[in-house]
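Contents: one structure, followed by commentary.
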Amino acid sequence: MEPEELAAVLAMRRREENLTIALANGCFDLLHPGHIAFLQGAAAEADILVVGINADDTVRVLKGAGRPIMGAADRARLVTALGMVDYATIFAESTADRLIELLRPNVHCKGTDYSSGVPEEATAHRVGVRVALVGGPKTHNTTDILHTIQEEA
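105 is the number that full-length UniProt numbering gives to position 105 of the sequence shown; each next residue is one higher, with no gaps.
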């Protein structure tokens, strides 16, 4: 669902059902147990979990050549198939600042690897969105998994 369309749906649900909304975001390239822990933690923060998926061009900039492994539509489909995720949207920016402004979640969730600072923190605070670090210690990452696969090939 496009971010603008999702914003309208969320505004209606918030108004009619009085539900709280959490926003989590990331690349989610090669879904792994760390992603699951992160999304479970984010889902526990609100009634509705929205996940922002970085667009392919953004993943290339953030992660380097050869990434993403899967296209954004496939990554969004996988994430949305998880029971704790209510909606997913693909966004082109390198941070979720625009999504925060557009969707106005109650809470913006980031992984515990952001303990030294959340890139979207200033935007979140400016629009009255709480920031939560969720998911426990980071024990997995896609880059390490890819290196292991390449070494064993």
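Cβ coordinates follow ideal geometry from the N, Cα and C atoms, glycine included.
A residue is called buried when at least 16 other Cβ atoms come within 10 angstroms of its Cβ; Pro137 does not meet this threshold and is exposed. In the three-state scheme derived from DSSP, where H, G and I count as helix and E and B as strand, Phe28 is classed as coil. In this structure, the alpha-carbon of Ile36 lies about 15 Å from that of Glu45. When Cβ pairs closer than 8 Å are counted between the two stretches, the region 57 to 71 is seen not to touch the region 97 to 105, the count staying below three. Per the Cβ contact rule, the region 90 to 100 is not in contact with the region 12 to 22 (fewer than 3 Cβ pairs under 8 Å). Contact between Ile53 and Ala81 does not hold, since the beta-carbon distance rounds to 13 Å and is not under 8 Å. Taking 7 Å as the cut-off, the Cβ atoms of Val131 and His108 count as close. Taking all protein chains shown into account, Ile149 has fewer than 16 neighbouring C-beta atoms within 10 Å of its C-beta and is therefore exposed. Secondary structure note for Ile48: it is in no alpha helix (DSSP H), and the uninterrupted beta strand (DSSP E) holding it is 48 to 54.
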